[in-house]
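*Asks:* In order, the protein sequence lines correspond to chains A, B and C.
Mapped onto our numbering, the consecutive letters of the first sequence carry residue numbers 1 to 294.
Mapped onto our numbering, the consecutive letters of the second sequence carry residue numbers 295 to 489.
Mapped onto our numbering, the consecutive letters of the third sequence carry residue numbers 490 to 684.
Below: one structure in structure tokens.
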Amino acid sequence: MATSPERVAPGPPAGGRAAFEVSLDNFSGPFDLLLSLIAKHRLDVTEIALAQVTDEFIAHIHAAGEWDLSQASEFLVVAATLLDLKAARLLPTPTVEEAEDLELLEARDLLFARLLQYRAFKQVAAHLEDRLEEQTRSRPRSVRLEPHLAALLPELVISIGPERLAGLAAAALSPKPPPPGVDVGHLHAPVVSVREQASVLVERLRGARAATFRALTADADGVPVVVARFLALLELFREGAVAFEQAGPLGDLTVLWTGAEHGGVAVDDDYDDGAGPAEPVDGPSDEGRTEEDA
Amino acid sequence: MTETAPALDVDRVLAALEAVLMVADEPVPVAGLAAAVGLPVEEAEALLSELAADYRGERGGRPRGFELRDVGGGWRVYSSPVHADVVGAFVLDGQTARLTQAALETLAIVAYRQPISRGRIAAVRGVSVDGVVRTLLSRGLVEEAGHDDAGGATLYRTSRYFLERFGLRSLEELPPLAPYLPEADALLDLDGVAS
Amino acid sequence: MTETAPALDVDRVLAALEAVLMVADEPVPVAGLAAAVGLPVEEAEALLSELAADYRGERGGRPRGFELRDVGGGWRVYSSPVHADVVGAFVLDGQTARLTQAALETLAIVAYRQPISRGRIAAVRGVSVDGVVRTLLSRGLVEEAGHDDAGGATLYRTSRYFLERFGLRSLEELPPLAPYLPEADALLDLDGVAS
Numbered sequence: 001m002a003t004s005p006e007r008v009a010p011g012p013p014a015g016g017r018a019a020f021e022v023s024l025d026n027f028s029g030p031f032d033l034l035l036s037l038i039a040k041h042r043l044d045v046t047e048i049a050l051a052q053v054t055d056e057f058i059a060h061i062h063a064a065g066e067w068d069l070s071q072a073s074e075f076l077v078v079a080a081t082l083l084d085l086k087a088a089r090l091l092p093t094p095t096v097e098e099a100e101d102l103e104l105l106e107a108r109d110l111l112f113a114r115l116l117q118y119r120a121f122k123q124v125a126a127h128l129e130d131r132l133e134e135q136t137r138s139r140p141r142s143v144r145l146e147p148h149l150a151a152l153l154p155e156l157v158i159s160i161g162p163e164r165l166a167g168l169a170a171a172a173l174s175p176k177p178p179p180p181g182v183d184v185g186h187l188h189a190p191v192v193s194v195r196e197q198a199s200v201l202v203e204r205l206r207g208a209r210a211a212t213f214r215a216l217t218a219d220a221d222g223v224p225v226v227v228a229r230f231l232a233l234l235e236l237f238r239e240g241a242v243a244f245e246q247a248g249p250l251g252d253l254t255v256l257w258t259g260a261e262h263g264g265v266a267v268d269d270d271y272d273d274g275a276g277p278a279e280p281v282d283g284p285s286d287e288g289r290t291e292e293d294a
Numbered sequence: 295m296t297e298t299a300p301a302l303d304v305d306r307v308l309a310a311l312e313a314v315l316m317v318a319d320e321p322v323p324v325a326g327l328a329a330a331v332g333l334p335v336e337e338a339e340a341l342l343s344e345l346a347a348d349y350r351g352e353r354g355g356r357p358r359g360f361e362l363r364d365v366g367g368g369w370r371v372y373s374s375p376v377h378a379d380v381v382g383a384f385v386l387d388g389q390t391a392r393l394t395q396a397a398l399e400t401l402a403i404v405a406y407r408q409p410i411s412r413g414r415i416a417a418v419r420g421v422s423v424d425g426v427v428r429t430l431l432s433r434g435l436v437e438e439a440g441h442d443d444a445g446g447a448t449l450y451r452t453s454r455y456f457l458e459r460f461g462l463r464s465l466e467e468l469p470p471l472a473p474y475l476p477e478a479d480a481l482l483d484l485d486g487v488a489s
Numbered sequence: 490m491t492e493t494a495p496a497l498d499v500d501r502v503l504a505a506l507e508a509v510l511m512v513a514d515e516p517v518p519v520a521g522l523a524a525a526v527g528l529p530v531e532e533a534e535a536l537l538s539e540l541a542a543d544y545r546g547e548r549g550g551r552p553r554g555f556e557l558r559d560v561g562g563g564w565r566v567y568s569s570p571v572h573a574d575v576v577g578a579f580v581l582d583g584q585t586a587r588l589t590q591a592a593l594e595t596l597a598i599v600a601y602r603q604p605i606s607r608g609r610i611a612a613v614r615g616v617s618v619d620g621v622v623r624t625l626l627s628r629g630l631v632e633e634a635g636h637d638d639a640g641g642a643t644l645y646r647t648s649r650y651f652l653e654r655f656g657l658r659s660l661e662e663l664p665p666l667a668p669y670l671p672e673a674d675a676l677l678d679l680d681g682v683a684s
């Protein structure tokens, strides 16, 4: 995306930014961007006319194209809040007492409070930068111990051998585990694959012709597997491979096999992470698809 | 200065302090220096201040090209900033590596809100700070400070090296944050604006 | 001393020389110092001798706790041997005969990735390693090995004494890393790490 010349870009050029950050021009976060837009229009943060900056904020996000959503969620939260506030202003609001208005006011105050807090730290960071700049003009004396003093040191006791040294080097040079933090693994890639569960069901139903849902999930290892099998049955139903019978509400659900004796059944993997067209599902494949979160 | 000691003894102690400071590779706490020269801490402190003044040219001599400073929890010899250009031509080290805006902001948040978890820093900055915190850790400017009681998240604080690099004796010397924050009134007044 | 220059200018040049010498880790050649302060080599040499005399207490002041010596190839500031006992006790205080875990780990990285800069080691270890590298240098286990082509950073390698202490005839006798790694190709790509 292009950097328009009139943009107020605080801080060092983009080259100084690390790659892990949302790369939205030079801005290191939604507050940074919002503050710069406010500065550009010479608005006071506390009197910010949101409509003036909302469009530009949204435009910036739009221009960013593809980015890592987990990093960019804050941008979206801020954008959504700005949009809400703008929309509320465009529509006539007869009474302020309505709950929605109060929510909007709260959202706005929260946004302002966070923006002001961020601005304070940004300003104090500029102060720290000046200080660092000043301090860098002095260098500490830091020299190797003179030989006659080094000679005073007790003879080193080295209690490890070359093998231990190799172990230490290997440990240090191996990739580090990710820092302890929020594990977002569970947010991605279903742990249980619907398509795999469909394979299991196809095989069983072809053999048994009919089975209750209770029986089909008796061996399920946990709720996710039960859910996956239920979704798989819906898919199979859509393909006309199964029919359902239920005596009454909350009664046992009986699943009847109505599909072909052989061959694959197309199960769309809407639910799974893998992209691509629906693949035919056979019985348990001989490739032994065991990975659960490919 | 000790008033009872003969001048020669004071000179000798001053020189001994200088000799020790020459081999130090980090700020030396006054207690360590006092122990080395066998003086009570208060007297050692007074002599160190004397030395610092002497180097600044406040004791009759010319200003020296080096300074004795009390930062980061101890005393250490530095080159004088007046001659930074000349020194820079000779001494290449990691000091000149600049911190990015993101790193400075993160450092500021840690400095004023320590101990603090990455999650809470991210909440202030509005973006993930994992990479920045790693950078600050590797630069030795912040360090781990145990875990959050509630969630068990790792907490971070600024290091002694941070104090030294920013020329601070202690965190109390950080400029107050309050003037940068709007008045409470301004916050309360938000309802009255932008409508 | 230059006879034509006003005293103030001489003071300034003396201070500039002091600034460089006080923070230089290696002896600084006089030619470089002369160029930095814009003086002919002879005059710079004369000023350096002046400084050395000043520190010895031969120019009216007290003898300093540090010395400026011409050690062949250059000038360097040393802690004065007069106070060797005080300094020695200070250096020994808190010293142990064992290397810390951090020092061993750093030594291992140097052994397997030499020649390597401090920045690279810091990137691998995730913390600043200046102090640790200095310890390994003073202990003679690692030594300097020229400069990085790119940034000019000092490179380090293990010494002959290192081989001796670990009972190795050459670096080739270091055990291969592979058996200690989860996967051979899982090694950090050092080139991708900021230095």
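Yeah, the Cβ is synthetic: ideal placement off N, Cα and C, and Gly gets one too.
In its own chain, which residues sit with a C-beta less than 8 Å from the C-beta of residue 534 of chain C, not counting the 5 before and 5 after it?
*Replies:* So the list reads 519, 523, once near-sequence residues are dropped.
*Asks:* Let me confirm a value: residue 114 of chain A is counted as buried when at least 16 other C-beta atoms fall within 10 Å, else exposed. Which label applies?
*Replies:* Residue 114 of chain A comes out buried.
*Asks:* Using a 10 Å radius around the Cβ and a threshold of 16 neighbouring Cβ atoms, would you call residue 622 of chain C buried or exposed?
*Replies:* It counts as buried.
*Asks:* Taking Cβ-Cβ distances shorter than 7 Å, what residues in chain C pair up with residue 377 of chain B?
*Replies:* Near residue 377 of chain B (Cβ distances below 7 Å), the residues of chain C are 504, 505, 508.
*Asks:* Using the beta-carbon count (16 or more within 10 Å), is residue 312 of chain B buried or exposed?
*Replies:* When all chains shown are included, residue 312 of chain B counts as buried.
*Asks:* Assuming residue 430 of chain B and residue 383 of chain B make a contact with CB atoms under 8 Å, what is their CB distance in whole Å?
*Replies:* With a Cβ gap of about 29 Å, residue 430 of chain B and residue 383 of chain B do not count as contacting.
*Asks:* Chain A beta carbons: is any one of them nearer than 8 Å to that of residue 352 of chain B?
*Replies:* Answer no: the Cβ-Cβ gap between residue 352 of chain B and chain A never drops below 8 Å.
*Asks:* For a cutoff of 8 Å on Cβ pairs, would you count residue 144 of chain A as touching chain C?
*Replies:* Chain C, which has a Cβ nearer than 8 Å to the Cβ of residue 144 of chain A, makes this yes.
*Asks:* List the residues of chain C that residue 320 of chain B touches, going by C-beta distances under 9 Å, in chain order.
*Replies:* In chain order: 620.
*Asks:* Count the C-beta pairs between the region 459-471 of chain B and the region 354-369 of chain B that are closer than 8 Å, then say yes if the count reaches three, no if not.
*Replies:* The answer is yes - the region 354-369 of chain B touches the region 459-471 of chain B, with three or more Cβ pairs under 8 Å.
*Asks:* Could you check the C-alpha separation between residue 322 of chain A and residue 537 of chain C for me, to the nearest Å?
*Replies:* Past the edges of chain A, shown from 1 to 294, lies residue 322 of chain A, and the structure says nothing about it.
*Asks:* On a Cα-Cα basis, can you pick out the residue from A/133, A/127, A/174, A/222 that is closest to residue 473 of chain B?
*Replies:* Of the listed residues, the one whose Cα sits closest to residue 473 of chain B is A/127.
*Asks:* At a CB-CB cut-off below 7 Å, which residues of chain B make contact with residue 578 of chain C?
*Replies:* Residues of chain B passing the Cβ test: 330.
*Asks:* Which residues in chain B sit within 7 Å of residue 552 of chain C, going by Cβ to Cβ distance?
*Replies:* 309, listed in chain order.
*Asks:* Within the 8 Å Cβ cut-off, does residue 193 of chain A reach chain C?
*Replies:* Cβ-Cβ to chain C under 8 Å: no for residue 193 of chain A.
*Asks:* Using only alpha-carbon positions, find the residue among A/140, A/32, A/200 that is nearest to residue 320 of chain B.
*Replies:* Checked all of A/140, A/32, A/200; the closest Cα to residue 320 of chain B is A/140.
*Asks:* So, residue 436 of chain B versus residue 453 of chain B, is the Cβ gap smaller than 8 Å?
*Replies:* Closer than 8 Å, so yes.
*Asks:* Cutting at 8 Å between CB atoms, please list the residues of its own chain near residue 555 of chain C, excluding the five before and the five after it.
*Replies:* So the list reads 544, 566, 567, 568, 569, once near-sequence residues are dropped.
*Asks:* Residues bridged to residue 368 of chain B by DSSP?
*Replies:* Partner(s): B/365.
*Asks:* If distances are taken between C-alpha atoms only, which option among A/38, A/149, A/135 comes closest to residue 316 of chain B?
*Replies:* Residue 316 of chain B has its Cα closest to that of A/149, out of A/38, A/149, A/135.
*Asks:* So, helix, strand or coil for residue 146 of chain A, using DSSP?
*Replies:* Three-state result, residue 146 of chain A: coil.
*Asks:* Taking 8 Å as the threshold (beta carbon to beta carbon), is residue 659 of chain C in contact with chain B?
*Replies:* It does not: the Cβ of residue 659 of chain C has no partner Cβ on chain B nearer than 8 Å.
*Asks:* According to DSSP, what are the bridge partners of residue 246 of chain A?
*Replies:* The partner list for residue 246 of chain A (beta bridge, DSSP) reads A/253.
*Asks:* Look at the alpha carbon of residue 468 of chain B and the alpha carbon of residue 421 of chain B, and state the distance between them as a whole number of angstroms.
*Replies:* Going by the C-alpha atoms only, they are around 25 Å apart.
*Asks:* Leaving out the 5 sequence neighbours to the left and right, which residues in its chain are closer than 8 Å to residue 83 of chain A when beta-carbon positions are compared?
*Replies:* So the list reads 54, 58, once near-sequence residues are dropped.
*Asks:* Could one say the Cβ of residue 28 of chain A lies closer than 8 Å to chain C's Cβ atoms, at least one of them?
*Replies:* No, no contact with chain C.
*Asks:* With a cut-off of 8 Å on the beta carbons, I'd call residue 509 of chain C and residue 525 of chain C a contact; round off their distance for me.
*Replies:* Between residue 525 of chain C and residue 509 of chain C the Cβ distance is about 7 Å, and since that is below 8 Å, they are a contact.
*Asks:* Alpha carbon to alpha carbon, how far is residue 27 of chain A from residue 33 of chain A?
*Replies:* Roughly 6 Å separates the two Cα atoms.
*Asks:* What residues of chain B sit near residue 135 of chain A, judged by a beta carbon separation below 7 Å?
*Replies:* Going along chain B in sequence order, the residues near residue 135 of chain A (Cβ under 7 Å) are 459, 460, 461.
*Asks:* When burial is assigned at 16 or more other CB atoms within 10 Å of the CB, is residue 21 of chain A buried or exposed?
*Replies:* Because residue 21 of chain A carries a pLDDT of 39, less than 50, the predicted location of this residue cannot be relied on, and no value is offered for it.
*Asks:* Around the Cβ of residue 145 of chain A, are there at least 16 other Cβ atoms within 10 angstroms (buried) or fewer (exposed)?
*Replies:* Under this definition residue 145 of chain A is a buried residue.
*Asks:* Could you tell me how far apart the beta carbons of residue 124 of chain A and residue 401 of chain B are, in whole angstroms, since I believe they sit closer than 8 Å?
*Replies:* About 10 Å separates the two Cβ atoms, so there is no contact after all.
*Asks:* May I have the straight-line CA-CA distance separating residue 199 of chain A from residue 76 of chain A, to the nearest angstrom?
*Replies:* Roughly 39 Å between the two C-alpha positions.
*Asks:* What does residue 305 of chain B touch in chain C if you count any residue whose Cβ is under 8 Å from its own?
*Replies:* Per Cβ cutoff of 8 Å: 551, 552.
*Asks:* Along chain A, in chain order, which residues have C-beta atoms closer than 9 Å to that of residue 594 of chain C?
*Replies:* Simply 168, 169, 171, 172.
*Asks:* I want to see whether chain C comes within less than 8 Å of residue 371 of chain B, judged by CB atoms only; does it?
*Replies:* By this cut-off, residue 371 of chain B is an interface position.
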